[in-house]
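In the working numbering, the protein residues as written are 89 to 1059.
Quick reminder that beta carbons are idealized off the backbone N, C-alpha and C, glycines included.
Structure, rendered in C-alpha cells:
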C-alpha cells in the first residue's frame, strides 16, 4: 500500500485536477485477464491458445486497417485491447513452458502417477494390495538461487511444537541423470538410483565457468531444452550405465531439512550450486515445476553477483544493528525496511494479520514512495519549481533527478527483493521518473495502469499473486475514492491530515477487503482504526531504518544508534497490532471463498451507499469548494448542490455517537450481549469441547448455586494454538481458571497454554508424572513460571471438587509407569468428572491420549462406571481397548481433531465401533465447538461452528436420550 501521507500528496497534485488519461485501463485489464486465464489452464488445454492468438491478431489488424468510421476511437481501443490480451497470452505461454518440459517435470509427473491409489491413512483396511510410489531417483543438479532462503516451522501437531525446514526458489541449469533415471525422464515409473551410476563429485569448490562434461555420442542439440519425449530419444545414444547431463532452465523449489540447513541458510540470489536431490511433485498451481529435496552439502560453483553481495551485506548489517533490541522490534524493523521477516515472532505476525497491518511486516511500495519522496519531493510537486526533496534543494536538473530516482528504485528492488507490492511501486515510480525526465505531465492513475500492463507482460505469474492484486487495488482506491471522500470530510471541518488519513484508509480497505476474504474468511473490524494509529510511525521507521542500513558499512555504532531511534516508532507499531488483535471483536467471522468475497463486496457497496450523505460535500458552494481546494481537497462538479437534510450537525453527532457505541460493543463483545446476539454459549452448559484444530481442549464450568453464567472453569488441555484457546475461553466468558490440567506434554495438548494464561487468573497448573518430551516440558514450565502459576503433579486416586456442581477423580497415571505402558501418551492424566446437581450429575470420562496398554491397565485396576460422555482417547485413533470402552458404555462420544489432519483421525473403525455400542459420535472437525447440556436422562448437544467455509455437518442443537438411544436427526 502507498503511505497515507503520500496519498495525501497525490490528492494535492495539480496534475490530478486534470482529467486522467484512462486509455490504458482496458488494455491492462485484458492483459491481466488473459494471463490469469492461461495460468489456470491445464497443459493439455493450452494447445488451443496459439491458434486463438493468431485469430485475435487478425481481428485486431482488421480493426486497425479498416476501423469503423463512426466509432474510430472505439475501434482503435478495441484493437489495442485485443493485442495486449494476445501479447499476455503469448508471454504467459513462454514463461510457463519451462514448468512442463525437461526431465524434472517428467520425473515429478511420474511420482504423481505412481502415487495414485496410495492407501488413505484413515482407511481401516490399511490399503492392502494398493501400489505404493517408489522413491524417486537421486539426481545431481546445478542450479542458480533465485530468492532468499526461508525457514518454515510447521504448526504444532503431535509430539513436538513443529518441525522446521528451509525452502528456497531456484532455477535448475543442468541435470545429471543416472542410467536408471533415463526411463523415468521419459515417463516411466521411477526406480532407485544405483550407487554405481552415481556421478563422481568434484572438489568442494569448482572453478567458475567450468564446463559440464557430456557423455560421448550425445549432441548439444539433444541436451538443450529436452522434453520428456526428447529425453527418451537421447537415451539411445548414451552408453548403458553412463550418467547423462541435460541442460535445462527449470524453476524449482529446493527443500532442505533442518539437519542440512546450515549450508543453505546464508545463500544469496544468483549463487550457483551443485547438489544431490530427490524429485518430488509440486502442488497444483504452483509456480514451480518440482520440489527438490536436497541431500547433503551443496557444492559452490559460482559465487553471487556483486550487486547481490552488496545487498546481502546491507541486509546482514541491519540485522546486526538490531540484535540488541527487544524481540518484537528486532524482528519487525528489518522486515519493514528490507523485507527480512526471518526474525519476526509468530504471534506478532498473527497480530498484524488480524488487524490488517500485514503490509507493515514486510517491505512494500509505501517504503519506496517514502524514499523517493526524500529524493524528488512530494509526488504532486516533483516537476514544479517548488518540488523540494534533496534534488530540489541541491538544484539538480529534472533529467538528472529522474536518472537518480530510477537508480534508487532499482537499488531498492535489489536490496529489498522483488516483492509484488515493491514491483508495483517500482514500475509506477519508473513511469513517473520517465515522465519527469521528459517533461510530460505526471498522472498517477495512467502511471499505475502502465505499470500493471508492463509487469503482467514481463511476469505473468503476478496475475495470480494476491500481494500484487491487493497492492493494485489499494493504490486504485487511494487514487479514485480517496480524493472524493477526503474532500467531503474537509467540507465537514475535519482536520486536513485526519481527513486524508481516514479517507485513504477507508478507500484502500473498501477495495481490498473482498479479496482478503479469499485468503482468510474473516473481516477485521479493527483494521481502519489500527491503520490510522500506525500511519504516523511508518515514515519515521522507514527513514531511520534505511539510515541504519546505509550507516552500518561505515560505522556499526552509528547504525546501532539509528536502530535505537527507529525502535521507538517500531515498538508503537507492534503495540498497535497486539492491542488491536487482543480486542474480543477484532475479527468477525465471514463466509469464505468466492461467495464470501462477493457478499462482502455487496455489503461494502451497501455501506458506502448508506453513508453517501457523509461521503459527498455537504455544502458544495463556490466559496466552500474554493476553500476545500485551497486546503488540498477536490470537489466534483457533478455533486448535487441541494442541502442534504441528514447532514445537519445534530443528526451527524447523534449518528456518529450511535455508530461509535455499536463499534465499541462489537469490538469489546461483553459476554452477556454476545450470548444474546449469538446464542453461544448455550444456557446451562455442562462441558464444552473447543474446536482448536488437531488437539484437545475441554472446559468444565464452575457454577455457583443457581448461577447461569459462570466466569470460572477447570480447563483440561489447551490445544496447539494459543489464539484458538484464548478465543474459545473468551467466547465462553471464562476469566478465572482455578486449575488448569495438562494431560501430557505433547504440543497438540500444551502449546496453547499462553492463550489460556492471557488475561486470566490461573490458580495452578497440574501436569502428569512423565516429563517427556523434554523440550515441551521445559516450555510449559517456563510459561507457568513467567505467569507466576505453580506447577503440581497429578496423583492417581485424588478427589477434587470446585463449587457445588463439579467434582472429579484422577484415574491415571499410575505412580510407577513401567515398560508395559511406555511413552508420553500412556502417561496422560485421565479423569472421571461429575458435573451438575448431586442428585443426578453427568458422568464424564476424559482419557487424554491413552493408548491400549494404559487403557487395559486402567481397566484391570478398577471397575469403570458407565458414563454419559466420553472424550475418546487419542483423537479417535484406531488404537483403543474396546473392552475398556465397552465397560464405559458412553451415551455420547466426543472426538477432538483437526480437519484434513495427516494422521487420519478419527479412524473409521473407531467411529463405527462407538456407534455399535450405542453412542452418538460428535467431532469438532465437523461441527466446531461442542457444548453438553441437560441431565443423564435428557442429554443434548449444542454446536458452534468455527469455520464458515466448512459448514457444520450436524444440526446446531441435537438431543441425546438416555440409555444411548438417539433422537431424530441426532446423527
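Is there contact here, the stretch 635 to 646 with the stretch 600 to 620, by at least three beta-carbon pairs under 8 Å?
With a cut-off of 8 Å, the stretch 600 to 620 and the stretch 635 to 646 do not count as touching, because too few Cβ pairs lie within range.
To the nearest angstrom, report how far apart residue 871 and residue 398 are at their CA atoms.
Their backbone Cα atoms lie some 41 Å apart in a straight line.
When the Cα atoms are used, what is the spatial distance from residue 261 to residue 390?
C-alpha separation (whole angstroms): 12 Å.
Output needed for residue 393: all residues of its chain with C-beta closer than 7 Å, excluding positions within five of it in sequence on either side, in chain order.
Counting only Cβ-Cβ distances below 7 Å, and skipping sequence neighbours, we find 358.
Go ahead and pull the three-state DSSP assignment for residue 1051.
Here residue 1051 scores only 36 on pLDDT, less than 50, and its place in the model should not be relied on; the value that follows carries that caveat. Here residue 1051 sits in helix by DSSP.
Can you look up residue 677 in the DSSP assignment and give me helix, strand or coil?
Strand, per DSSP.
Are the beta-carbon atoms belonging to residue 44 and residue 986 less than 8 Å from one another?
Since the first residue shown for the chain is 89 and the last is 1059, residue 44 is missing from the structure and cannot be characterised.
Do residue 932 and residue 775 have their C-beta atoms within less than 8 Å of each other?
In contact: residue 932 and residue 775 (Cβ atoms closer than 8 Å).
Relative to the C-alpha of residue 819, which residue among 826, 853, 777 and 850 is closest?
Answer by Cα proximity: 777.
Nearest by alpha-carbon distance to residue 691: which of 620, 602 and 675 is it?
Minimum Cα distance to residue 691 is reached at 602.
So is residue 374 buried or exposed if we call it buried at 16+ other beta carbons inside 10 Å?
Residue 374 should be labelled exposed.
Rank 883, 600, 619 and 785 by C-alpha distance to the C-alpha of residue 960 and give the top, closest one.
Selected option, being the one with the closest Cα: 785.
To which residues of the same chain is residue 382 closer than 6 Å at the C-beta, ignoring the five residues directly before and after it?
Closer than 6 Å at the Cβ level, and outside the excluded window around residue 382, lie 342, 344, 363 and 365.
Measure how close the beta-carbons of residue 808 and residue 839 come, nearest whole angstrom, since I'm counting them as under 8 Å.
Right, their Cβ atoms sit about 5 Å apart.
Can you list, in chain order, the residues of its chain with a C-beta nearer than 6 Å to that of residue 991? Leave out the 5 residues immediately preceding and following it.
Within the same chain, residue 991 has no close Cβ partners at all.
Roughly how many angstroms lie between the CA atoms of residue 613 and residue 1021, to the nearest whole one?
Distance between the alpha carbons of residue 613 and residue 1021 is about 32 Å.
Per the DSSP calculation, residue 1022 is bridged to which residue(s)?
Paired residue(s): 1027.
Can you tell me where the beta strand (DSSP E) with residue 568 in it begins and where it stops?
Not the beta strand (DSSP E): residue 568 falls in the alpha helix (DSSP H), residues 554 to 579.
Please go through the same chain and pick out, in chain order, the residues whose beta-carbon is closer than 7 Å to the beta-carbon of residue 779, but skip the five residues on each side of it.
Same-chain partners within the cutoff: 1012, 1016, 1017 and 1034.
Which whole runs of the alpha helix (DSSP H) in the stretch 120 to 186 are 4 residues long or more, in chain order?
For the stretch 120 to 186, whole alpha helix (DSSP H) runs of length 4 or above, ordered along the chain, are 137 to 153 and 160 to 184.
Count the other CB atoms within 10 Å of the CB of residue 454; is the residue buried (16 or more) or exposed (fewer)?
Buried.
Given this structure, state the Cα-to-Cα distance separating residue 594 from residue 693, to the nearest angstrom.
Each residue's Cα considered, the two are about 13 Å apart.
Just the C-alpha distance for residue 418 and residue 431, rounded to the nearest angstrom, thanks.
Those two C-alpha atoms are separated by around 7 Å.
Are there 16 or more other CB atoms within 10 angstroms of the CB of residue 526, so buried, or fewer, so exposed?
Label assigned to residue 526: exposed.
Can you tell me the Cβ-Cβ gap for residue 236 and residue 406, rounded? I've got them flagged as a contact below 8 Å.
So it is not a contact: roughly 14 Å between Cβ atoms.
Going by DSSP, name the residue or residues bridged to residue 521.
According to DSSP, residue 521 bridges with nothing at all.
By how many angstroms is the C-alpha of residue 352 removed from the C-alpha of residue 855?
Whole-angstrom Cα-Cα distance: 40 Å.
Is the beta carbon of residue 378 less than 8 Å from the beta carbon of residue 196?
Cβ distance < 8 Å, so residue 378 and residue 196 count as in contact.
For residue 451, tell me which candidate among 143, 425, 458 and 111 has the shortest Cα-Cα distance.
Minimum Cα distance to residue 451 is reached at 425.
Have a look at residue 762 and residue 672 and give me their C-alpha separation to the nearest angstrom.
So the alpha carbons of these two residues sit roughly 10 Å apart.
Where DSSP assigns a beta bridge to residue 932, which residues make up the other side?
Partner(s): 921 and 957.
Figure out for me which residue from 121, 682, 799 and 171 has the closest Cα to the Cα of residue 151.
The shortest Cα separation from residue 151 among 121, 682, 799 and 171 belongs to 171.
Buried or exposed for residue 489, please, with buried defined as at least 16 other CB atoms from any protein chain shown within 10 angstroms of its CB.
Counting Cβ neighbours within 10 Å, residue 489 comes out buried, since at least 16 surround it.
Taking the alpha-carbon positions, what's the residue 800 to residue 116 distance?
C-alpha separation (whole angstroms): 58 Å.
Quick one: which unbroken alpha helix (DSSP H) runs of 4-plus residues sit fully inside the stretch 955 to 993? Chain order, please.
Entirely contained in the stretch 955 to 993, the alpha helix (DSSP H) runs reaching 4 residues are, in chain order, 970 to 976.
Judging by CA-CA distance, which residue of 943, 953 and 971 is the nearest neighbour of residue 930?
Cα-wise, what sits closest to residue 930 is 953.
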